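Participant:
Residue numbers (the working numbering), protein chains in the order written: chain A, 3 to 230; chain B, 23 to 475.
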């Protein structure tokens, strides 16, 4: 299902690569190169997501974002930036963006984040509704997890990890996304910390069951899905 | 036209001397002139009143006699005479009054008289009063001597003025030469520094004057610049050095992938390429992070946090890793620690780096302790391990960016962890303490609670 994305990016090479990639995914992409044009387009309310380069001519990304939020435009915004330090990320997020991706990035990472943001815009998934992924059943209110009717005991962090994966059912979720969304850390720990947590969760979800449900997507991240 | 600075300062000093001395000398001239005029007037008034008394008591005849007698006393400056209504002398030593057309005016005058017919006019101060038969009594003093004195005074004052201007010029030149030589020294140093010789320093005269103060400031600044340059040089050297091996591996893997015949093998090799690229990115990001942190730009992002909670979170995060490494990860957090205003992300990143280090060095069965405690009003946050530790001699090296204690270790960003920890400690106004854990390393951020600038 295609959605409308506004891309504000002055680097032509990055822009054409993104326009091509996102179009192949079925999204409609409008591309502007100038910050002022970008603000004008972003405030007309017809987009589902804005991808914003932090440094564009005309009006810098963070000012654009603030102006957008000041005008009560709540369209989700993903910032792309070569400024990659923790401080820069936090600054970006505090300016009202919904996600922050450092350049250079892999297209898989970008797509995973775009999909997560678009899904968020689809109308809030009520937190108290049951989430079903194949034979996996999650009750967010009581935090009870069952697979094929059997209760699986999870630690709080494992539960949050699973819930985030489940809310993005069928989509790739990257390690960085997990680190940011589940742990609220915006740095790269540099070790396989996330992998170890995921493989523990996987053991609890899959041991004693026939079908795998938590899949590793090589070079990208993980996907929770009933089928591979 | 541009004059040399020395000359300009000299001329300025001379000009200032000229102005101040003209004012001073003018004042002296004005006061002495007024004083002497006043003294003359006093003498005239006294002499006149004496003759007035004679005239009042003895009449015209007694007055004539008194004038002759007074003049006979021999005061050469004294003027005493009876003149007619045109000012021509009848009795006494004045022949004619000049500069006053008849009718004569009673009272005190400054003017000129001629003593005898044919004599040169002379300056005089005199008083006129009418007496009988339309005649006038003139009593006064010749100003000839007065004028000479005044002229001598004026020429002396003029000479003094000229001398003062010369002295001013001289002093100005001396001062300008002194200032010029001190400034010149600094300019020379600045020049050779601009030429690339950062070792030069401004000499200090030891007099403790403003120039010494300036020289010290400049030298301090130069020391700082030199230290920064050295650090930058080391950084770029080690960055280049540190990047060489991952870039080399990257290249080798790309080459291998290009040569790989079967697709599956190529994919595996390309996966490795991605990993290498990511580790390069990580190194660069960490270097930038240290730079940003040292620039203190992130203090705006400080917010109160619970140190024990932070330690707990990280312990929970690393517990599976510790388990895989066969170590025990333990938290030693004091109960009831006060909230600490800090940068949660950077503190977490630092602790995560320290834990990473500790766990990668820890032997199986070893223990890694995550510590959060208050000592002497300072928050101590850190990690203690039972690994090989760092020899005392190598501690300084360890703190440096890319300090390489262990060249065999090639995990990405190795050697940056402690430098980042130190930068984060500085950001919070504290220090990074590296101590022997006997055996092992105890790396602690020691952060003041209050009073940080």
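Cβ atoms here follow ideal geometry from the backbone N, Cα and C, with glycine treated the same way. What you are looking at is a predicted structure, and each value in this text was computed from that prediction instead of being measured.
Among 136(A), 161(A), 138(A), which residue has its Cα nearest to the Cα of residue 145(A)?
Facilitator: With distances taken between Cα atoms, residue 145(A) lies closest to 161(A).
Participant: Is the beta carbon of residue 206(A) less than 8 Å from the beta carbon of residue 133(A)?
Facilitator: Not in contact: residue 206(A) and residue 133(A) (Cβ atoms no closer than 8 Å).
Participant: Where in the segment 136–190 of chain B do unbroken runs of the beta strand (DSSP E), each at least 3 residues long, occur, reported from the N-terminal end onward?
Facilitator: DSSP runs (the beta strand (DSSP E)) wholly in the segment 136–190 of chain B: 143–152, 158–164.
Participant: Within the segment 140–209 of chain A, note down every full alpha helix (DSSP H) run reaching 4 residues or more, in order along the chain.
Facilitator: Those alpha helix (DSSP H) runs which fall completely within the segment 140–209 of chain A and span 4+ residues are 158–169, 177–184, 195–208.
Participant: The alpha helix (DSSP H) that contains residue 268(B), what's its start and end?
Facilitator: From DSSP, the alpha helix (DSSP H) with residue 268(B) extends over 232–281.
Participant: CB residue 157(B) to CB residue 112(B), shorter than 8 Å?
Facilitator: Their beta carbons are under 8 Å apart, which means residue 157(B) touches residue 112(B) by this criterion.
Participant: Taking just the CA atoms, how far does residue 138(B) sit from residue 175(B)?
Facilitator: Approximately 29 Å between the Cα atoms of the pair.
Participant: With a cut-off of 8 Å, does the C-beta of residue 265(B) fall near any C-beta of chain A?
Facilitator: Judged by the 8 Å Cβ criterion, residue 265(B) is not in contact with chain A.
Participant: Taking the alpha-carbon positions, what's the residue 96(A) to residue 466(B) distance?
Facilitator: For residue 96(A) and residue 466(B), the distance between alpha carbons rounds to 30 Å.
Participant: Mind listing the chain A neighbours of residue 371(B)? Cutoff is C-beta to C-beta under 9 Å, in chain order.
Facilitator: Within chain A, the residues near residue 371(B) are 88, 187, 188, 189, 190, 191.
Participant: Buried or exposed for residue 228(B), please, with buried defined as at least 16 other CB atoms from any protein chain shown within 10 angstroms of its CB.
Facilitator: So residue 228(B) counts as exposed.
Participant: Using a cut-off of 7 Å between C-beta atoms, extract the partners of residue 342(B) located in chain A.
Facilitator: Correct list: 198, 199, 202.
Participant: Going by other Cβ atoms of all chains shown within 10 Å of its Cβ, with 16 needed for buried, is residue 215(A) buried or exposed?
Facilitator: The residue in question, residue 215(A), is buried, as its Cβ has 16 or more Cβ neighbours within 10 Å.
Participant: Less than 8 Å between C-beta atoms, sequence neighbours within five positions excluded: which residues of the same chain meet that for residue 476(B)?
Facilitator: Shown here, chain B extends from 23 to 475; a query on residue 476(B) therefore has no answer.
Participant: At what residue ranges does the segment 30–54 of chain A contain a whole run of the alpha helix (DSSP H), taking only runs of 4 or more?
Facilitator: With a minimum length of 4 residues, the continuous alpha helix (DSSP H) runs that stay inside the segment 30–54 of chain A are 37–44.
Participant: Is DSSP giving residue 228(B) helix, strand or coil here?
Facilitator: Here residue 228(B) sits in coil by DSSP.
Participant: Measuring CB to CB, does residue 448(B) end up less than 8 Å from residue 364(B)?
Facilitator: Contact flag unset, no.
Participant: Could you say if the segment 380–389 of chain B and the segment 336–347 of chain B meet the contact criterion of at least three C-beta pairs nearer than 8 Å?
Facilitator: Contact holds: three or more Cβ-Cβ distances are below 8 Å.
Participant: Check residue 455(B) in the structure and name its three-state DSSP category.
Facilitator: Reduced to three states, the DSSP call for residue 455(B) is strand.
Participant: Does residue 293(B) come within less than 8 Å of chain A when only Cβ atoms are used?
Facilitator: Taking Cβ atoms only, chain A reaches closer than 8 Å to residue 293(B), which makes this a yes.
Participant: Under 7 Å Cβ-Cβ, which residues of chain A neighbour residue 339(B)?
Facilitator: By Cβ distance, chain A contributes 185, 195.
Participant: Could you work out which residues of chain B lie near residue 159(A), taking near to mean beta carbons separated by less than 7 Å?
Facilitator: Ordered by position in chain B, the residues that pass the 7 Å Cβ test against residue 159(A) are 338.
Participant: List, in chain order, every chain A residue whose beta-carbon is nearer than 8 Å to that of residue 346(B).
Facilitator: Under the 8 Å cutoff, chain A gives 198.
Participant: Anything in the segment 71–84 of chain A with a Cβ closer than 7 Å to a Cβ of chain B? List those residues in chain order, please.
Facilitator: Answer in chain order: no residues at all.
Participant: Please name the residue in 462(B), 421(B), 439(B) whose C-alpha comes closest to that of residue 388(B).
Facilitator: Ranking 462(B), 421(B), 439(B) by Cα distance to residue 388(B) puts 462(B) first.
Participant: Please check if any C-beta of chain B sits within less than 8 Å of the C-beta of residue 115(A).
Facilitator: For residue 115(A), the answer is no, since every Cβ of chain B falls outside 8 Å of its Cβ.
Participant: Using 8 Å as the threshold, is the C-beta distance between residue 369(B) and residue 394(B) below it?
Facilitator: The answer is no: Cβ separation not under 8 Å.
Participant: For residue 435(B), which of helix, strand or coil comes out of DSSP?
Facilitator: Reliability fails at residue 435(B), whose pLDDT of 45 lies under 50, so the model's placement of it is uncertain and the value that follows must be treated cautiously. If DSSP states are grouped into helix, strand and coil, residue 435(B) belongs with coil.
Participant: Under 8 Å, Cβ to Cβ, is there at least one residue of chain A near residue 441(B)?
Facilitator: So no, residue 441(B) is outside the interface.
Participant: Since I believe residue 309(B) is in contact with residue 438(B) (beta carbons under 8 Å), could you give me their beta-carbon distance rounded to a whole number of angstroms?
Facilitator: So it is a contact: roughly 7 Å between Cβ atoms.
Participant: Would you call the segment 115–126 of chain B and the segment 189–202 of chain B touching, i.e. three or more CB-CB distances under 8 Å?
Facilitator: Flag = no, the segment 115–126 of chain B and the segment 189–202 of chain B do not touch.
Participant: Should residue 320(B) go down as buried or exposed, given a rule of 16 or more other Cβ atoms within 10 Å for buried?
Facilitator: Residue 320(B) should be labelled buried.
Participant: Whose C-alpha, out of 145(B), 134(B), 254(B), 276(B), is nearest the C-alpha of residue 298(B)?
Facilitator: Answer by Cα proximity: 276(B).
Participant: In this structure, how does DSSP classify residue 104(A) when only helix, strand and coil are distinguished?
Facilitator: Strand.
Participant: Does any residue of chain A bring its CB to less than 8 Å from the CB of residue 428(B)?
Facilitator: Interpretation of residue 428(B) is limited by its pLDDT of 45, a score under 50 that renders its predicted location unreliable; no figure is taken from the coordinates.
Participant: If we count the other Cβ atoms within 10 Å of its Cβ and call it buried at 16 or more, is residue 25(A) buried or exposed?
Facilitator: Its Cβ having fewer than 16 others within 10 Å, residue 25(A) is exposed.
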